[in-house]
Amino acid sequence: MAKKLNSLSVDPVAAQARVLKIFPILRRTYPEAKVSLDYAAPLELLIATILAAQCTDARVNIVTKDLFKKYRKAEDWLKVSQEELENDIRSTGFYRNKAKSIQKTCAAIIEKHHGQVPQTMEGLVGLNGVGRKTANVILGNCFGVQGIVCDTHVIRLSRRLGLSGNSDPVKLEFDLMEIVPKRKFDGWTRFSDCLVFHGRAVCNARKPKCPLCPIAKHCPAADRPELW
Ligand code: SF4
């Protein structure tokens, strides 16, 4: 049955056909599309995603450059006082909550997962402050498990492109899982990465650059501000 997208009806069959047209174009346009947080291990990516809340990835990368030299294992994050950790991450904002969250997460990793970041959705969302979005980032980038990462860009673009009428990230994730091929064109993780890059470069929140957009001819919202 068709779902509502603003004033447009979303036909899942048409949405799937649209994905098959736009995905190869986005892959060609953004061959470098991948998570923009720097990391060398699953725990580093997990910590970086916590620090990235309400902060730019670029700022997080500046902070983690030194941070990840000081803190290497889950145990290291618990060896310091919360105040010391707050000081180390202060410039990412909301440092009190983030320090608390990091220490709780690391404590759970040690207690329940022998010091290793869990490799399943269930294990990851069981950690303090980790939702499906972060879990999919970790699974897709560290463990080769495909996942749709529903961040703000993916939500906005999916609605504009008529792929889902949902703005709830979990409902949207499941909508996209139905219509995006899991493996073809590198699958769910790559599709989300491409949408994030396209959202940053062209399909901005306030004023999308439709005349410059390589997928405009497939987009129901092209040059239609009432659908932005
Ligand atoms: S045509 Fe416009 S609204 Fe559609 S994806 Fe491109 S920039 Fe976004």
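Residue numbers for the sequence shown follow numbering that gives the first Met the number 0, so the first one is 0 and each next one is one higher. Heads up, the beta-carbon is just placed ideally off N, CA and C, and yes, glycines get one too.
Checking contacts by CB at 8 Å: is V136 closer than that to chain D? Within the model displayed, chain D is absent; a lone protein chain is all it includes.
Can you give me the Cβ contacts of K2 inside the same chain, cut-off strictly under 6 Å, excluding the 5 residues immediately before and after it? Within the sequence shown, numbered from 1, the residue matching residue 2 stands at position 3. Here the model assigns K2 a pLDDT of 49, short of 50, so the residue's position is not dependable and the matter cannot be decided.
Reduced DSSP secondary structure (H/G/I, E/B, other) of P18: Walking along the sequence shown from the start, residue 18 turns up at place 19. Contrary to the premise, residue 18 reads as Val rather than Pro in this sequence. The answer is helix: DSSP assigns V18 an H, G or I state.
Within a Cβ cutoff of 7 Å, which residues of the same chain sit near G198, ignoring the five residues on either side of it in sequence? Residue 198 sits at position 199 when you count from the first residue of the sequence shown. Same-chain partners within the cutoff: H152, R155 and L156.
Note down the Cα distance separating Q15 from G139, rounded to an integer number of angstroms. Taking the sequence shown and counting its residues from 1, the one referred to as residue 15 is at position 16. Taking the sequence shown and counting its residues from 1, the one referred to as residue 139 is at position 140. In a straight line, the C-alpha of Q15 is about 22 Å away from that of G139.
Are the segment 168-181 and the segment 203-217 touching, with three or more C-beta to C-beta distances below 8 Å? no
Could you tell me if the beta carbon of A220 falls within a distance shorter than 7 Å of some heavy atom in ligand 1? Within the sequence shown, numbered from 1, the residue matching residue 220 stands at position 221. Under cutoff, so the answer is yes.
One question on the structure: do I137 and P30 come within less than 8 Å of each other, judged by their Cβ atoms? In the sequence shown, the residue the question calls residue 137 occupies position 138. In the sequence shown, the residue the question calls residue 30 occupies position 31. No, Cβ-Cβ distance for I137 and P30 is not below 8 Å.
Chain-order list of residues whose beta-carbon lies under 7 Å from that of K72 (same chain, five-residue window excluded): For the purposes of this step, residue 72 is taken as residue 73 along the sequence shown, with counting starting at 1. Within the same chain, K72 has close Cβ partners G114.
Taking 8 Å as the cut-off, does the segment 36-56 touch the segment 128-135 (at least 3 CB pairs, one atom from each stretch)? yes
Looking at the structure shown, is V9 part of a helix, part of a strand, or coil, going by DSSP? By 1-based counting over the sequence shown, the position of residue 9 is 10. DSSP places V9 in strand when its eight states are reduced to three.
Would you please state the rounded distance, in angstroms, between the beta carbons of R159 and C218? I believe it to be under 8 Å. To locate residue 159, count along the sequence shown from 1; it is residue 160. To locate residue 218, count along the sequence shown from 1; it is residue 219. At roughly 7 Å, the Cβ-Cβ gap stays under 8 Å, so R159 and C218 are in contact.
Unbroken alpha helix (DSSP H) run spanning P41, endpoints: Here residue 41 is taken as the residue at index 42 of the sequence shown, counted from 1. Element bounds for P41: P41 to L50.
Are the CB atoms of I109 and V116 within a distance shorter than 8 Å? By 1-based counting over the sequence shown, the position of residue 116 is 117. By 1-based counting over the sequence shown, the position of residue 109 is 110. Contact: no.
What is the DSSP secondary structure of D56, counted as helix, strand or coil? Here residue 56 refers to the residue found at position 57 of the sequence shown. Correct three-state label for D56: helix.
Flag this pair as yes or no: are the beta carbons of W76 and I101 separated by less than 8 Å? For this step, residue 76 is matched to residue 77 along the sequence shown. For this step, residue 101 is matched to residue 102 along the sequence shown. Going by C-beta atoms, W76 is nearer than 8 Å to I101.
Tell me the DSSP secondary structure of T28 in three-state form. Against the sequence shown, residue 28 aligns to sequence position 29. In the structure shown, T28 adopts helical secondary structure according to DSSP, grouped into three states.
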